[in-house]
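> Mapping of the sequence shown onto mature numbering (1 follows the signal peptide of the UniProt record, and there is no 0): residues -19 to -1, 1 to 64, in sequence order. Glycine included, C-beta positions come from ideal geometry on N, C-alpha and C.
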Amino acid sequence: MVNAPALGFVLAALPAALAATIDVSVGASGKFAFDPQFVTAQPGDMVNFMFHPKNHTVTQSSFDQPCVPLAGGKNKRTRDSCP
């Protein structure tokens, strides 16, 4: 006989157990690049961005003007991070 509550718990926990963590290096070796450049993540997977070296800025822009800060958008001047 199958214990329905136990089976339900196992089935509910299964996606989290199968989830992957994908590490992406940003700016490693002094390059303005992501490594790897492309990832394929499944629903439930986590993409972990590791910033190199320490200081970074983040500015929101639009696709048609990627080098112009978006009016009213996010603009974080300096972010200290430790890889």
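Relative to the C-alpha of Thr38, which residue among Asp45, Gly8, Ser10 and Asn56 is closest?
Within the sequence shown, residue 38 is the residue found at index 57, counting from 1. Comparing Cα positions, the closest option is Asn56.
> Please name the residue in Val49, Ala52, Ser42 and Phe30 whose C-alpha comes closest to that of residue 73.
The displayed coordinates of the chain run from -19 to 64. Any statement about residue 73 would go beyond what the structure contains.
> Does DSSP put Ser43 in a helix, a strand or coil?
Sequence index remark: in the sequence shown, residue 43 carries index 62 (1-based). Reduced to three states, the DSSP call for Ser43 is coil.
> Looking at the secondary structure, which residues open and close the beta strand (DSSP E) in which Asp26 lies?
Position 45 of the sequence shown, counted from the start, is the residue given in the question as residue 26. Unbroken run through Asp26: none, as it is neither H nor E.
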